[in-house]
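Take a look at the structure set out below.
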Amino acid sequence: MKTQVGIIGGGPSGLLLSQLLHLQGIDNIVLERQSRDYVLGRIRAGVLEHGFAALMREAQCAERMDREGEIHDGFYIAHDGIKERVDLNGLTGGNSVVVYGQTEVTRDLYAARDKLGGIVIHNAEDVTPHDLESAQPYLTYRQGDELLRIDCDYVIGCDGFHGVSRKSIPNDKITEFERVYPFGWLGVLSRTKPVSPELIYATHERGFALCSLRSQVLSRYYIQVPLTDRIEAWSDEVFWAELKRRLPDSVAAELVTGDSIEKSIAPLRSFVAEPMRYGNLFLAGDAAHIVPPTGARGLNSAASDIYYLYHALVDHYRKRDDSGLDGYSQKALARVWKGQRFSWWMTTLLHRFPDSSAFERRLQATDLAYLFSSQKALASLAENYVGLPY
Ligand SMILES: Cc1cc2nc3c(=O)[nH]c(=O)nc-3n(C[C@H](O)[C@H](O)[C@H](O)COP(=O)(O)OP(=O)(O)OC[C@H]3O[C@@H](n4cnc5c(N)ncnc54)[C@H](O)[C@@H]3O)c2cc1C
152 MKTQVGIIGG
162 GPSGLLLSQL
172 LHLQGIDNIV
182 LERQSRDYVL
192 GRIRAGVLEH
202 GFAALMREAQ
212 CAERMDREGE
222 IHDGFYIAHD
232 GIKERVDLNG
242 LTGGNSVVVY
252 GQTEVTRDLY
262 AARDKLGGIV
272 IHNAEDVTPH
282 DLESAQPYLT
292 YRQGDELLRI
302 DCDYVIGCDG
312 FHGVSRKSIP
322 NDKITEFERV
332 YPFGWLGVLS
342 RTKPVSPELI
352 YATHERGFAL
362 CSLRSQVLSR
372 YYIQVPLTDR
382 IEAWSDEVFW
392 AELKRRLPDS
402 VAAELVTGDS
412 IEKSIAPLRS
422 FVAEPMRYGN
432 LFLAGDAAHI
442 VPPTGARGLN
452 SAASDIYYLY
462 HALVDHYRKR
472 DDSGLDGYSQ
482 KALARVWKGQ
492 RFSWWMTTLL
502 HRFPDSSAFE
512 RRLQATDLAY
522 LFSSQKALAS
532 LAENYVGLPY
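Take 152 as the starting number for the sequence shown in my numbering and just add one per residue.
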């Protein structure tokens, strides 16, 4: 097969780029290792920046998001038995976020790809990029016993943290920056009314907790747990009891509990690979960087990469202008690092670190006290949370 842009990975990054390019008449093929059901079974992000929402509209995929997604003008931080509101709308001069699950985003993107006849090849095994430094890179993959080949102008690595794209870059051509946190998030999805119409980020001496939601009938809750914990040790009852302990009494009293429909433990990690280009391979999204979920930057950082790449590829094919492609890595990384800083800061502010000293705990408490005593500090938090400009 031959195409202009070969995309590895059919998660939100790969599908969004595929759809945007298709609408501009740029040929592309997506190779996805998993089945569609598997991809749609993953429960992940839920808070979308307005910039992400705008990109979904440009991709003609926003009809359901605009109908069913919830606009959130603020969120709460709970500490010391109280909760204080961060007024995103007021602090940013009218900005907000959209609460709409990543699963739904992905479902809408698949539907849009199908409608336009986009090519997304599932169950593509052993996807391998070749000749990335040449002007004629190509991809090979297996389906059953058959080995197939796709020739393309560019390869885009949208295959997440564990994908093959980043690993195809020689070690001496890439630098990795990483911080692994000494805890994870235990997440529970349940068909219950959320305890609060807006998210509550709670810091407590027993550890962090987050009351999130996907809709007004679907709740998503998280608690900080040691990395050594096993999911089997957390029955629903034990989870709800621990969550309640970490919330202010007034919130805990309102919590509606029920059966979990998904439960998993995710480790927390900050990671960036530089540069995000090697020859004619471009990395985007989790393939190049991941953040701890505190602050909801992961999917949103992926979307800004896609925005830059999309415009760079359109300029290349439409105007023979390669400045966007040449500047992609630098431009994308500048924003990625701001998302990294913000996620690291929110994680540090709100979690209990097992090895923190009394001095560090005092600083943490002072950081929080400063935040709620300064409109400027709150405005900085809000500006980052709704998403910095592309
Ligand atoms: C528990 C949790 C909560 C989160 N909450 C938030 C949040 O609230 N807000 C936020 O912005 N972000 C959040 N994130 C992060 C967000 O989910 C990711 O940033 C997002 O999924 C990145 O999209 P992606 O398309 O780049 O990568 P992925 O979603 O990882 O997609 C990569 C795709 O590539 C495929 N693939 C992998 N290897 C290969 C291969 N060799 N060949 C072919 N295909 C391959 C995978 O199957 C996958 O479908 C959260 C993440 C987790 C785990």
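In this text, a Cβ means the ideal position worked out from N, Cα and C, and glycines have one as well.
Which one of the options has the shortest CA to CA distance from residue i?
i	options	result
His355	Lys395, Ile412, Arg420, Met427	Lys395
Leu500	Lys489, Val487, Gln515, Arg486	Gln515
His462	Arg193, Gly490, Leu174	Leu174
Val376	Ser415, Gly436, Glu349	Ser415
Tyr373	Thr379, Gln526, Leu364	Leu364
Ile301	Ile177, Tyr227, Ser452, Leu182	Leu182
Val271	Thr279, Arg258, Ser169, Val465	Ser169
Ile325	Ala424, Ser507, Phe359, Gly157	Ala424
Ile351	Ile457, Ala403, Gly245	Ala403
Ser411	Leu398, Arg420, Leu432, Val389	Val389
Val331	Cys362, Met152, Arg448, Phe504	Phe504
Arg218	Ala453, Ser366, Lys153	Ser366
Asp310	Thr343, Phe433, Pro418	Phe433
His502	His230, Tyr459, Asp277, Tyr468	His230
Gly232	Arg397, Ala485, Ile457	Arg397
Leu464	Gly252, Leu172, Ile158, Gly165	Leu172
Met497	Glu393, Gly446, Lys482, Ser508	Gly446
Glu383	Glu413, Glu209, Thr279, Arg486	Glu413
Ser347	Gly244, Glu284, Arg208, Tyr227	Tyr227
Arg187	Thr343, Thr257, Leu419	Thr257
Arg184	Ile177, Gln294, Phe523	Gln294
Leu460	Asp477, Pro540, Lys470, Asn451	Asp477
Glu209	Val487, Trp488, Trp495, Ala454	Ala454
Ala392	Leu406, Arg381, Asp380, Thr379	Leu406
Measure the alpha-carbon distance for residue i versus residue j and round it to whole angstroms.
i	j	result
Gly430	Gly475	14 Å
Ser319	Gln287	16 Å
Thr254	Pro443	19 Å
Pro333	Phe422	15 Å
Lys266	Leu260	10 Å
Thr408	Leu337	16 Å
Ala142	Asp518	The displayed coordinates of the chain run from 152 to 541. Any statement about residue 142 would go beyond what the structure contains.
Glu534	Glu297	50 Å
Lys527	Tyr521	10 Å
Asn322	Met427	13 Å
His223	Val190	27 Å
Leu290	Ala435	17 Å
Asp473	His281	22 Å
Glu214	Ala360	32 Å
Leu369	Gly165	27 Å
Val156	Arg513	52 Å
Arg371	Leu167	25 Å
Asp400	Glu276	51 Å
Glu284	Leu206	30 Å
Ser316	Ile158	10 Å
Pro345	Thr154	46 Å
Arg236	Leu532	12 Å
Gly162	Phe510	42 Å
Tyr458	Tyr541	8 Å
His273	Ile180	11 Å
Going by other Cβ atoms of all chains shown within 10 Å of its Cβ, with 16 needed for buried, is residue i buried or exposed?
i	result
Gly308	buried
Tyr479	buried
Phe328	exposed
Phe493	buried
Ala417	exposed
Asp456	buried
Gln481	exposed
Gln491	buried
Lys470	exposed
His440	buried
Tell me the DSSP bridge mates of residue i?
i	result
Lys234	Ala229
Ser421	Arg330
Tyr305	Val156
Ser341	Ser370, Ser411
Cys362	Ile351, Tyr372
Gln526	Paired residues: none, contrary to the question.
His223	Val248
Asn179	Val156
Arg428	Phe433
Gln211	BP columns for Gln211 are empty, so no partner.
Ile270	Ile180
Trp336	Gln375, Ala417
Tyr292	Leu299
Ile441	Phe422
Pro399	According to DSSP, Pro399 bridges with nothing at all.
His281	Tyr289
For ligand 3, any of its heavy atoms closer than 7 Å to the Cβ of residue i?
i	result
His313	Ligands present in the displayed structure are limited to ligand 1, and ligand 3 is not among them.
For chain D, find out if any of its Cβ atoms is closer than 8 Å to the Cβ of residue i; answer yes or no.
i	result
Glu183	Looking for chain D here will not work: only one protein chain is present.
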